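Set out below in structure tokens:
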């Protein structure tokens, strides 16, 4: 039986635990229809999710003929080129590309970027209300911080940031086939831009991850020109979009939960612990990419046939009561926290360390600068974008004014030690 659920509805995004609990009552793996993808199985438990992600031989991202599971026959060639990245590859191609970008990341020393990330966050927090109040925290802060960081990391010009913001907004507006065609123009321009930046790095060198990738290429790294473009496209997109919605979702939860915010502001050394819970509870990435079932297999008692497609529901794994005590409750002190927001297996998120640092810096910088920050509208008025698979707040209007009768600013305890040391 096919389960019908609108994965882009306001009701679903506003209260994921409620919808997920109903899905899980049906089965650990349920058949449904997902926007753009079509008919597909989805996992509803932690164990089913882990099984699919870890068994790369049975659940593959490509069919035997090499076609990518998530692409449809009507999608243009340049989209297929962009999609031809390590997130859509099985072994051995995945390891080939992953080793190249791993080497480039090692050379850039992500952990050493923490002071710079905090400085960017401090600057953005200072400018939050420069254009007036209330301010949309998504566009003025949560989107700009990850884009600024990944742009610096890649070595892209600061002056080009408005282009990235426009492209990111186009990506988030993807809800159905019609909107997919609307964003094709933006994707085409983005691909051409990144191709140009790679050519500049090949000729002139430079600083940043793009230059490092070019150097690895020169040293014999096995990667085609198209794969280089899709790699940078992936890093720019994945390195900013999901972190944007982790930051905005985390801030939203703190603004509507004063007691949790107070707990965090009392001692910012707790921020690493809090970020882990936000990763679990907010779950900005709700689903994985589709995978093909290569052989008849049983997943948690549910029989899947060769040729079926399956998507793991990361948000459901993060809300599984068999793994998490009271999963529907935001508990910033949760230990241990077995969330699976970065995936598992060979496709474990490359940018997990960067995302954690950015989120922690974003929260501390914002609330240290604006201790009385509050929602400018009732929490019930906040809306999410109708983007399947991504839990993204559309707008988050905030004001610098206080909560209740509070009139004195609180600075809290500054957290100066390395964020990553606690993780």
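Residue numbers (my numbering): 708 to 1130.
We put the beta carbon where it would ideally sit given N, CA and C, even for glycine.
None of the values given here were measured: they were computed from a predicted structure.
Of all the options the options, which has the alpha carbon lying nearest to the alpha carbon of residue i?
| i | options | result |
| --- | --- | --- |
| residue 1011 | 749, 723 and 712 | 749 |
| residue 747 | 1034, 807 and 1018 | 1018 |
| residue 752 | 1025, 1084 and 804 | 1025 |
| residue 769 | 801, 754 and 756 | 801 |
| residue 718 | 1105, 1042, 941 and 1088 | 1088 |
| residue 1053 | 714, 795 and 754 | 795 |
| residue 989 | 722, 712 and 977 | 722 |
| residue 1090 | 710, 711, 709 and 715 | 715 |
| residue 709 | 874, 987 and 734 | 734 |
| residue 835 | 1102, 1093 and 1076 | 1076 |
| residue 1132 | 826, 839 and 837 | Residue 1132 is absent from the model: the chain starts at 708 and stops at 1130. |
| residue 1098 | 959, 820, 1003 and 1007 | 959 |
| residue 1086 | 1093, 1094 and 1101 | 1101 |
| residue 931 | 916, 804, 893 and 869 | 804 |
| residue 1036 | 822, 849, 744 and 984 | 984 |
| residue 1038 | 964, 859 and 863 | 964 |
| residue 974 | 1067, 996 and 911 | 1067 |
| residue 760 | 771, 742 and 797 | 797 |
| residue 736 | 1040, 1065, 857 and 1016 | 1016 |
| residue 944 | 1007, 1013 and 873 | 873 |
| residue 857 | 821, 947 and 1083 | 947 |
| residue 864 | 894, 908, 1092 and 895 | 908 |
| residue 957 | 1083, 866 and 1063 | 1063 |
| residue 806 | 923, 1000, 1009 and 1083 | 923 |
| residue 961 | 869, 1082 and 837 | 1082 |
| residue 1002 | 729, 741, 732 and 762 | 762 |
| residue 920 | 812, 1058 and 1093 | 812 |
| residue 821 | 1093, 1065 and 991 | 1065 |
| residue 1008 | 754, 991 and 729 | 754 |
| residue 934 | 866, 905 and 1032 | 905 |
| residue 871 | 942, 912 and 771 | 942 |
| residue 991 | 810, 929 and 1092 | 1092 |
| residue 799 | 731, 810, 767 and 824 | 767 |
For residue i, which beta-bridge partners are listed by DSSP?
| i | result |
| --- | --- |
| residue 1104 | 843 |
| residue 1081 | 1106 |
| residue 749 | 737 and 1018 |
| residue 999 | 767 and 1016 |
| residue 702 | Nothing can be reported for residue 702: it is not among the residues displayed for the chain, which extend from 708 to 1130. |
| residue 901 | Note: residue 901 sits in no beta bridge, so no partner. |
| residue 709 | 738 |
| residue 1091 | 1100 |
| residue 818 | Residue 818 is not bridged to any residue. |
| residue 759 | According to DSSP, residue 759 bridges with nothing at all. |
| residue 994 | 1020 |
What is the C-beta distance between residue i and residue j, in whole angstroms, given that I count them as a contact (C-beta under 8 Å)?
| i | j | result |
| --- | --- | --- |
| residue 1021 | residue 739 | About 16 Å separates the two Cβ atoms, so there is no contact after all. |
| residue 1028 | residue 841 | In fact, because the Cβ distance is near 37 Å, the residues do not count as touching under 8 Å. |
| residue 1061 | residue 851 | Actually they do not touch by this definition, with Cβ atoms about 16 Å apart. |
| residue 917 | residue 862 | 5 Å |
| residue 650 | residue 744 | Only positions 708 to 1130 of the chain appear in the structure, and residue 650 is not among them; the question remains open. |
| residue 1000 | residue 1013 | 6 Å |
| residue 758 | residue 1006 | 6 Å |
| residue 860 | residue 915 | 6 Å |
Please go through the same chain and pick out, in chain order, the residues whose beta-carbon is closer than 8 Å to the beta-carbon of residue i, but skip the five residues on each side of it.
| i | result |
| --- | --- |
| residue 1042 | 980 |
| residue 1129 | In this prediction, residue 1129 scores a pLDDT of 37, lower than 50, which makes its location untrustworthy; no coordinate-derived value is stated. |
| residue 724 | 1026, 1034 and 1035 |
| residue 1124 | Unreliable positioning characterises residue 1124 in this predicted model, as indicated by a pLDDT of 39, which lies under 50. The coordinate reading is nonetheless provided below. Counting only Cβ-Cβ distances below 8 Å, and skipping sequence neighbours, we find 976. |
| residue 868 | 851, 854, 855 and 858 |
| residue 711 | 739 and 740 |
Give every residue of the same chain whose Cβ lies closer than 7 Å to the Cβ of residue i, excluding the five residues on either side of it in the sequence, and list them in chain order.
| i | result |
| --- | --- |
| residue 1056 | 1049 and 1050 |
| residue 713 | 719 |
| residue 955 | 844, 845, 849, 1100 and 1103 |
| residue 1004 | 765 and 1011 |
| residue 1058 | 945 and 946 |
| residue 1044 | 983, 984 and 987 |
| residue 1040 | 980 |
| residue 810 | 923 |
Could you name the residues of the same chain whose beta carbon sits closer than 6 Å to that of residue i, not counting the 5 residues immediately before and after it, in chain order?
| i | result |
| --- | --- |
| residue 1023 | 727 and 751 |
| residue 1096 | 993 and 994 |
| residue 1046 | 986, 987 and 1025 |
| residue 1127 | At residue 1127 the pLDDT is 39, less than 50, meaning the model places this residue with poor confidence; the figure from the coordinates comes in the next sentence. These residues qualify, in order along the chain: 818. |
| residue 855 | 827 |
| residue 966 | none |
| residue 913 | 862 |
Residue i: beta carbon under 6 Å from a heavy atom of the ligand SAM?
| i | result |
| --- | --- |
| residue 874 | Of the ligands one can find in the structure shown there are none, so the ligand SAM has no counterpart to examine. |
For this session: Spell out a yes or no on whether the stretch 819 to 830 and the stretch 1070 to 1080 are touching, meaning 3 or more CB-CB pairs, one atom from each, closer than 8 Å.
Result: yes
For this session: Take every Cβ of the stretch 841 to 852, pair it with every Cβ of the stretch 950 to 957, and state whether three or more of those distances are shorter than 8 Å.
Result: The stretch 841 to 852 is in contact with the stretch 950 to 957.
Exercise. With a cut-off of 8 Å, do at least 3 Cβ pairs link the stretch 921 to 939 to the stretch 970 to 980?
Worked result: no
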